[in-house]
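The block underneath contains the structure these notes are about, expressed in structure tokens.
Protein chains in written order, with full-length UniProt numbering: chain A, 1 to 499; chain B, 1 to 499.
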């Protein structure tokens with residue numbers, strides 16, 4: 001499939017001559033691996049969001065910092081756009097290459113530089129895989145908490161660029177909460193240290209600004225993350241509900257009871273059935289919704305919390321609450337959840353995964369709104385999400401071979417995100433804006449806010465060479481897209497009633 | 001006392017005519033309270049750091065957003081510098097007014113707008129006192145975690161501007177970790193929303209960027225904070241050590257054991273004696289160092305943790321570990337710590353409080369380094385600090401009436417902060433840079449990093465009207481100050497050996 005995207009709305013890009021750039025690069029960095037043949041470039045034409053595909057002009061695969069530095073200086077000098085890429089597992093087209101730009105693959109920077117068990121930190125290169133950090137820290141009883149579904153493959157540099165999340169974010173925070181320091185290169189090849197090894201760094205918090213900036217501000221060359229001690233025990237409860245609203249209420253009640261689960265996930269009936277068919281996790285296929293609630297910590301504490309959560313779930317209307325009897329069943333319960341996306345992929349030729357975030361109290365209403373919008377657009381929507389922090393992943397099922405369905409799916413997705421914004425939420429929780437949600441940014445922010453984003457971008461990258469066309473829309477795009485800023489509670493869209 | 005400061009190093013400020021500005025303001029905002037007589041202006045000449053004093057040209061005390069908006073537009077139009085101020089309790093001269101500028105006092109914006117117990121958030125105006133938020137949330141069993149010593153008086157707007165900390169930061173994070181959303185006005189009077197009510201906001205993380213920006217980027221007009229459930233129980237242990245090094249080791253061991261105390265504070269002998277004389281907290285006056293360790297959470301958990309921490313402390317060499325027998329003793333133990341600054345104020349006509357942060361493992365070495373520097377400069381230094389997160393508050397005792405002592409104290413303070421930077425730490429943990437530490441920023445950052453700070457500043461405030469001369473030094477200042485960037489491990493200062 002190929003979702004329509006009009007890149008003329010992002011303003012003109014500099015004209016770059018491929019042969020000249022190749023020659024200049026080979027001259028400036030003789031030992032740099034560069035891909036330039038069509039068949040070599042093909043594998044880099046998209047990231048985890050396959051809806052958009054563009055063949056890059058050139059792909060550079062550096063191994064050393066000085067190579068990256070020289071490459072950036074050259075690109076800056078010749079006004080060549082640069083898109084950085086880690087493992088390419090992102091889901092919003094953030095690492096999508098440009099036809100007239102260089103794709104800078106940082107995957108070969110894959111060394112763990114130092115694990116400091118006393119300080120509980122790991123200093124690693126940006127191409128190190130998320131899971132590899134936890135594996136390296138395991139002998140010290142430590143781990144790295146943020147765990148996106150792609151953690152076996154995704155790299156920490158990409159995690160920082162996208163401010164990646166995961167099942168454990170509710171308790172342990174997003175990537176930004178688990179970072180101490182990064183080393184970056186500016187587009188001019190200048191080395192900068194953002195953050196520090198200590199509690200806090202003075203001056204502006206450029207570490208947080210950089211986290212989630214999606215490659216628009218600089219190139220990450222080193223990352224120092226915080227490590228956490230592995231919890232003694234982890235238990236998981238599976239609760240069944242005969243309505244999505246009751247499950248939503250249980251989520252709010254658990255949090256209100258002062259319990260912070262390690263993970264708190266919801267799936268609706270369509271998702272439950274798909275996962276059960278695929279994984280045989282032992283899910284109740286007749287339930288309208290299930291909640292998976294993991295509690296971790298020290299033994300006595302977890303035991304008490306399990307009892308309290310069970311009580312809260314039953315009071316909120318759960319028809320059944322089961323605790324995984326052993327580690328094998330716990331892993332099976334999670335396997336169903338973690339494979340929900342591919343499971344739903346078996347139901348439909350194509351699906352489109354959204355990533356809206358809403359205040360928890362709005363869950364029941366927004367789920368009703370999604371169901372209504374789905375019916376209106378004639379498309380099925382499965383819901384799988386990080387319920388505890390209000391991060392929803394509605395999956396729109398469609399068939400790109402049916403005329404018009406792709407467009408309908410895209411339009412429905414946009415409406416769902418706008419609904420999230422209306423109730424005070426946002427258009428992304430953990431997948432980033434990338435190219436995918438760039439139009440919805442016009443709904444999220446007003447023109448003063450967008451102007452400020454551009455001013456910040458200009459502070460780092462005055463010529464706009466780093467990952468153009470992603471994350472921050474041009475004001476021109478927003479004007480063309482026609483969507484104005486939605487203030488929560490207002491209704492600029494006549495077809496969307498407030499529920 | 002009056003620490004020397006050469007404001008010419010911050011570049012020229014616009015010339016403003018007081019009478020004309022007063023007239024223009026009275027015309028533009030007829031119902032705005034403005035102070036302009038010398039005796040009215042006097043109370044605003046400094047913040048909590050009384051070392052610097054400047055009489056502001058005018059003080060504005062708005063009550064409504066539209067007044068602030070109009071005022072800012074006018075100041076922007078006429079290039080009038082604006083310094084925002086909350087309660088004025090800051091300790092780094094961040095709210096120090098300008099002779100040729102307007103002091104914008106936000107203290108009258110002191111309404112709690114909404115407490116949402118289900119979402120566990122409070123939406124408040126910037127002049128609301130830190131403690132007042134917890135008091136308003138108490139009926140719901142909730143509280144606001146960051147608790148600077150000044151929490152009874154300091155306002156949340158100032159907390160955001162300085163990214164304030166407190167005893168509980170180790171476990172619950174700094175201000176930035178406890179914020180959801182802020183409303184701000186740009187210097188042009190434009191309303192901006194940074195952050196969102198949901199987990200995460202897309203685009204650049206301007207909320208984090210703004211937090212701790214010390215009034216250089218805009219005026220905070222509304223703050224939405226996260227609330228936490230009050231822990232069921234809190235217990236405190238008091239451990240005595242015959243050397244500061246052993247206490248430092250105990251801190252590292254507690255953290256390494258995977259325990260995260262609610263608070264973990266250290267005091268050295270000079271601080272212990274001063275506090276005991278003043279408060280009669282029951283401290284062991286012969287100990288070289290004490291640790292106060294608070295454990296909070298559910299009953300069973302806290303009980304277990306107390307046993308484990310006691311064991312770790314004894315193994316690290318504690319000569320005695322006492323648990324507060326009851327709530328009254330717990331409060332007394334903390335009262336000694338919380339009054340340590342005024343207690344030390346009784347020992348000496350003047351003291352100068354530093355706020356360096358270092359990696360925890362460097363504690364013993366840095367304490368030795370401070371002792372050596374103190375001897376070298378012939379001044380006593382007491383140490384009181386948030387040991388758990390490596391945030392030190394060395395208090396330099398001196399007498400401003402003795403010729404040269406003020407200068408020696410200031411020079412010693414600078415050396416101590418440079419020592420923090422050398423071991424990979426930073427020149428501030430929670431007090432901010434303000435005017436006080438602006439020279440040390442030249443040691444913390446290289447010129448590429450400082451240039452980037454200026455570029456970010458320009459993105460928000462192109463004319464440099466917001467709080468000029470604070471937080472971010474000019475490159476000219478750094479060149480004049482003569483201190484170049486210290487990379488950890490390097491030694492640009494020949495008189496400072498690496499210990």
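Glycine is no exception: its CB is placed at the ideal position from the N, C-alpha and C atoms.
What do you get for residue i, buried or exposed, if any count of 16 or more other CB atoms within 10 angstroms of its CB means buried?
i	result
residue 435(A)	buried
residue 16(A)	buried
residue 246(B)	buried
residue 320(A)	exposed
residue 20(B)	exposed
residue 437(B)	buried
residue 325(A)	exposed
residue 297(A)	buried
residue 331(B)	exposed
residue 405(B)	buried
residue 98(A)	buried
residue 27(B)	exposed
residue 79(A)	exposed
Tell me, to the nearest whole angstrom, how far the beta carbon of residue i is from that of residue j; I am working on the premise that it is less than 8 Å.
i	j	result
residue 178(A)	residue 146(A)	6 Å
residue 195(B)	residue 182(B)	6 Å
residue 380(B)	residue 397(B)	4 Å
residue 471(B)	residue 216(B)	5 Å
residue 432(B)	residue 90(B)	6 Å
residue 13(B)	residue 62(B)	Actually they do not touch by this definition, with Cβ atoms about 23 Å apart.
residue 214(A)	residue 94(A)	5 Å
Does DSSP put residue i in a helix, in a strand, or in coil?
i	result
residue 86(A)	coil
residue 214(B)	coil
residue 229(B)	strand
residue 129(A)	strand
residue 441(B)	helix
residue 204(B)	coil
residue 323(B)	strand
residue 494(A)	Residue confidence for residue 494(A) is low, a pLDDT of 29 falling below 50, so the modelled location carries little weight; the figure read from the coordinates is stated next. Residue 494(A): coil per DSSP, three-state reduction.
residue 47(B)	coil
residue 187(A)	coil
residue 476(B)	helix
residue 433(B)	coil
residue 455(B)	helix
residue 80(A)	coil
residue 303(B)	helix
So, for residue i: in the same chain, excluding its five sequence neighbours on each side, which residues have a beta-carbon less than 6 Å away from its beta-carbon?
i	result
residue 417(B)	356, 427, 440
residue 395(A)	344, 351, 353, 382
residue 322(A)	238
residue 36(A)	22, 58
residue 461(A)	187
Nearest to residue i by alpha carbon, out of the options?
i	options	result
residue 262(B)	236(B), 46(B), 149(B)	236(B)
residue 127(B)	115(B), 108(B), 137(B), 258(B)	108(B)
residue 64(A)	33(A), 94(A), 39(A), 205(A)	33(A)
residue 42(B)	54(B), 49(B), 9(B), 406(B)	54(B)
residue 77(B)	464(B), 471(B), 149(B), 478(B)	464(B)
residue 279(B)	230(B), 58(B), 288(B), 338(B)	338(B)
residue 347(B)	414(B), 311(B), 272(B), 82(B)	272(B)
residue 96(B)	74(B), 56(B), 133(B)	56(B)
residue 444(A)	104(B), 201(B), 469(B), 91(B)	201(B)
residue 242(A)	113(A), 359(A), 268(A)	268(A)
residue 106(A)	60(A), 92(A), 94(A), 119(A)	60(A)
residue 456(A)	83(B), 205(B), 62(B), 136(B)	205(B)
residue 172(A)	226(A), 189(A), 160(A)	226(A)
Using C-beta distances below 7 Å, list every residue in its chain close to residue i, excluding the 5 sequence neighbours before and after it, in chain order.
i	result
residue 350(A)	1, 398, 399, 400
residue 67(B)	29, 32
residue 389(B)	169, 170
In chain order, what residues of the same chain lie with their CB nearer than 8 Å to the CB of residue i, ignoring the 5 residues before and after it?
i	result
residue 378(B)	408
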